[in-house]
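Input: a single structure, listed below in structure tokens.
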Amino acid sequence: MPSWPEPVERVASFLRGAGAEARIEEFSVETPTAADAARAAGCDLAQIVKTVVFDCGDRFVVALTPGDRRADAEKVARAAKAARAKVARAPQVVEATGFEPGAVAPFPLPGVAAAFVDQTLLTHDKVWVGAGSTSHLATLSPAELVRLTHAQPGDFVERLPEPGGVSGGGHG
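With this note's numbering as the guide, the letters of the sequence shown map in order to residues 47 to 218.
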């Protein structure tokens, strides 16, 4: 058994304890961004799960969104029944998750009150998530991701601009 950094071992231990069908892989390159992770894993950017931590004032929530899209703070706030949601700052990410920014895994998240998963992630056979360091990723099925995070599926990403159209002035 390889000796992994403590945060990666925390993820591995959680996965073992949950009887998860998931595999952690270590890469020789850093994967702090979704694009880096997709290149390393050899998958589509849409199969990379970004675990975005939001500060909802009195609690933290996470939005699990595809690597090719941006989380929508208003949609997250609505789902969290919060007045507002803003992307957490680096120290808040560590406080809420125990992971450094760029290495956040979607589990275990002791300081997170709720998780939301964008429904577009559920269309893939498998997805890749951060696994506690910038050189470790875990792969699992979207159904396993939902089971392990207890995430509520929905629409949590910003709308794509209309093809050939002008963005802005949006109708919601």
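Backbone N, C-alpha and C define an ideal beta-carbon position, used for all residues, glycine too.
What you are looking at is a predicted structure, and each value in this text was computed from that prediction instead of being measured.
Item to check | Contact under 8 Å by Cβ, Thr195 with Val163 | outcome: Cβ distance < 8 Å, so Thr195 and Val163 count as in contact.
Item to check | Residue(s) in a DSSP beta bridge with Arg56 | outcome: Its beta-bridge partners do not exist; DSSP assigns none.
Checklist entry - How many whole angstroms separate the CB atoms of Leu91 and Asp114, which I take to be in contact at a CB cut-off of 8 Å? => result Confirmed, Cβ separation roughly 4 Å.
Item to check | CA-to-CA distance, Ala83 to Gly103, given in whole angstroms | outcome: Spanning the two alpha carbons is a distance of roughly 30 Å.
Checklist entry - Whole-angstrom Cβ separation of Ala58 and Ile70, contact assumed at under 8 Å? => result Confirmed, Cβ separation roughly 6 Å.
Checklist entry - Alpha carbon to alpha carbon, how far is Pro112 from Thr166? => result When rounded, the distance between both Cα atoms is 7 Å.
Checklist entry - If you draw a straight line from the C-alpha of Ala151 to the C-alpha of Gly178, how long is it? => result Rounded to whole angstroms, the gap between the alpha carbons of Ala151 and Gly178 is 5 Å.
Next on the checklist: I believe Ala149 touches Pro209 by the beta-carbon criterion, under 8 Å. Please report the beta-carbon distance rounded to the nearest angstrom.
Outcome noted: The pair is not a contact, with the Cβ atoms about 35 Å apart (cut-off 8 Å).
Checklist entry - To the nearest whole angstrom, what separates the beta carbons of Val24 and Ala129, a pair I think is in contact under 8 Å? => result Any property of residue 24 remains undetermined from this structure, which presents the chain solely from 47 to 218.
Checklist entry - Terminal residues of the continuous alpha helix (DSSP H) containing Thr185? => result Where Thr185 is concerned, there is no enclosing alpha helix (DSSP H), although the beta strand (DSSP E) around it starts and stops at His182 to Leu186.
Item to check | Residues near Glu76 by beta carbon distance below 7 Å, same chain, minus five either side | outcome: The beta carbon of Glu76 is closer than 7 Å to those of Asp82, Thr180 and Ser181 in its chain, skipping five residues each way along the sequence.
Checklist entry - Among the residues of its own chain, which have a CB less than 8 Å from the CB of Glu190, if the five just before and after it don't count? => result Residues Ala66, Glu67 and Ala68 of the same chain have their beta carbon placed closer than 8 Å to that of Glu190, with the five preceding and five following residues left out of the count.
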